[in-house]
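Residue numbering for the sequence shown is -19 to -1, 1 to 367, as defined by mature numbering (1 follows the signal peptide of the UniProt record, and there is no 0). All C-beta atoms in this analysis are idealised placements derived from N, C-alpha and C, irrespective of residue type, glycine included. This report refers to the structure that appears directly beneath it.
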Amino acid sequence: MLFFLLISSLSFFLLLSKSLPLQPFPSWAKEGRLLSFLFVKEFHLLSLNSVKYVFKSMAAKKHASRIETIEDSNEISVLDLPELALECILGKLSPAGLCNMAGVCRSLRQRCRSDYLWERQMREKWGRVIGKTAERNWHKYLNARNEPSICNSVGKPKRLFGSLSRLCSLSWLKFRLDGSRKLKSPLPDDSIMSWYLSLESGKFWFPAQIYNREGHVGFMLSCYDAELSYDCNTDTFHAKYPPHGRRTIVMEEGVEWDRIRAPPIDTLAHDLHISDCLHDLHPGDHIEIQWRRNKEYPYGWWYGVVGHLQLCDGNEHFCRCHSSETIILEFNQYTPGSRWRQATINRKDHREEGNETDGFYGGIRKLYSKDEISTWRQLWPADILE
């Protein structure tokens, strides 16, 4: 009854406003007419959705009673299994299987969304390309997404009945009636499952490094920072390289898994890495060194080995190269005599060295991992570079 009384009152207000044209109405009256139209529309939609919701609820109760009838029978369900057996089964499911199992019932939904199960999924698929920097960026991404819009904090002139945004409460209520079943148990933003699905969908761009960027011969045996987004249709990645020089952001499509690694250290692309291994470098050691064309460019990491000094014959019993202040770095993918074949650095006070012709050499990191060395060896070009 109250609902129809409100509708009638609003209709009367509209008729009254049309029947008195002698004096122009102030701005608040015009605004009131607009609001009344919107109120009528919203209440009409709300009433229709209320009726739909009642019928949906009745259908849901019938469905629930059928489920209870089945549960009362003597059939064995998955939840009747011992705890260890159930945990073993869930642990062997694929991500798609966990998502499907989560829709069975509330108990399985809580289990299948647990970080314990999704840690393994994350580690197996994304562990090699996701590092600490990507994890920090994920939390920043969540914080930015959850921050209130700046539009809500900007003051606006107050008018009659406030701003039109107050009508959103009616639309929100209608949305709750339509989607109440979907909102019953939302996925926590900070869960590992949420992170996994954001990576899988390509919505979250994460930082990583790419070997042999853009497939260009000039980048052979190098590794550059980029932002990546996964494409599940092709099982490859879109890469977005930082701008350098006159080039704006450079995109590369179809980057495959074996060309990607998680950044081994937290040094940013434009920052000089502080070399802490110089006194531990001996001939034959495998290294990566920062290099850039000029000081406007970001650094890339280039693979090389420590060589012998010119006066050393390479005999390990008489070699004293590790005691010298000078370190020879060799890049054997280039032909002998090439200006890129060797570089010389100072062991004691090495910083950034170079010029606009040969580029600038930055920080050095020694490779201890056999897996890292093996990866570089697999990328070795078939032909020696000029």
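Residue range of the unbroken alpha helix (DSSP H) whose run includes residue i
i, result
"H254", "Neither: H254 is in no alpha helix (DSSP H) and is coded neither H nor E."
"K276", "Taken as a continuous stretch (DSSP letters only), K276 belongs to no alpha helix (DSSP H), as it is neither H nor E."
"I354", "K351 to Q359"
"K73", "Neither: K73 is in no alpha helix (DSSP H) and is coded neither H nor E."
"E306", "Looking at the DSSP string, E306 is not in any alpha helix (DSSP H), and its letter there is neither H nor E."
"E105", "D96 to W107"
Among the options, the one whose alpha carbon lies nearest that of residue i
i, options, result
"Y222", "D216, G72, R328 and L249", "L249"
"E297", "G265, T325, N214 and I326", "G265"
"N336", "D330, A324, K329 and D294", "A324"
"R322", "I241, P245 and L202", "L202"
"T215", "E181, A125, T338 and L259", "E181"
"F187", "C258, T114 and L74", "T114"
"W272", "L292, T338 and D170", "T338"
"K347", "H254, I111 and R274", "H254"
"E311", "S304, H267 and H303", "H267"
"E237", "S175, E269 and R194", "R194"
"W176", "G196, A220, L123 and N127", "L123"
"G235", "L209, I246 and A125", "L209"
"A363", "H251, T316, L259 and Y342", "T316"
"V287", "D247, I270, H263 and C293", "H263"
"F200", "R87, W283, S88 and A125", "W283"
"K121", "C80, F185, V231 and S88", "F185"
"S304", "R332, E277 and D261", "D261"
"C302", "L259, K276 and A220", "L259"
"R358", "L290, P224 and Y192", "Y192"
"H225", "R126, T217, L290 and G281", "G281"
"I309", "S319, H289 and C293", "H289"
"K276", "D247, R227, C293 and G318", "R227"
"K106", "C86, G84, P76 and R126", "P76"
"L360", "L67, V198 and Q91", "V198"
"R126", "S179, G78 and C80", "S179"
Environment of residue i [buried if 16+ CB atoms lie within 10 Å]
i, result
"R104", "exposed"
"Y349", "exposed"
"I345", "buried"
"E116", "exposed"
"F299", "exposed"
"C93", "buried"
"I365", "exposed"
"S256", "buried"
"Y97", "exposed"
"E367", "exposed"
"G285", "buried"
"G295", "exposed"
"Q102", "buried"
"E269", "buried"
"R240", "buried"
"V110", "buried"
"C69", "exposed"
"K137", "At K137 the pLDDT is 43, less than 50, meaning the model places this residue with poor confidence and gives no usable figure here."
"L79", "buried"
Cβ distance (whole Å) where residue i is taken to contact residue j below 8 Å
i, j, result
"G183", "D206", "Between D206 and G183 the Cβ distance is about 19 Å, and since that is not below 8 Å, they are no contact."
"W99", "I173", "4 Å"
"Q190", "R242", "5 Å"
"N327", "T307", "7 Å"
"P279", "G112", "Between G112 and P279 the Cβ distance is about 17 Å, and since that is not below 8 Å, they are no contact."
"residue 372", "G340", "No answer is possible for residue 372: the residues shown for the chain start at -19 and end at 367."
"M82", "L65", "That pair is no contact at about 17 Å."
"E333", "Y342", "7 Å"
"H219", "M232", "7 Å"
"L60", "S95", "Contact doesn't hold; Cβ gap of about 15 Å is too wide."
Residue range of the unbroken beta strand (DSSP E) whose run includes residue i
i, result
"H120", "Taken as a continuous stretch (DSSP letters only), H120 belongs to no beta strand (DSSP E), being part of the alpha helix (DSSP H) at K113 to N127."
"S88", "Taken as a continuous stretch (DSSP letters only), S88 belongs to no beta strand (DSSP E), being part of the alpha helix (DSSP H) at R87 to C93."
"I326", "Q323 to N327"
"A220", "T217 to Y222"
"W283", "G281 to G288"
"R332", "Segment: none, R332 is in no beta strand (DSSP E) and carries neither H nor E."
"Y342", "G340 to K347"
"V231", "V231 to V236"
Contact with chain D by residue i, beta-carbon distance below 8 Å
i, result
"C80", "Of the chains in the structure shown, none is chain D; there is only one protein chain."
Would you list, in sequence order, the uninterrupted beta strand (DSSP E) runs of no fewer than 3 residues that lie entirely inside the region 171 to 212? 187 to 192 and 203 to 212
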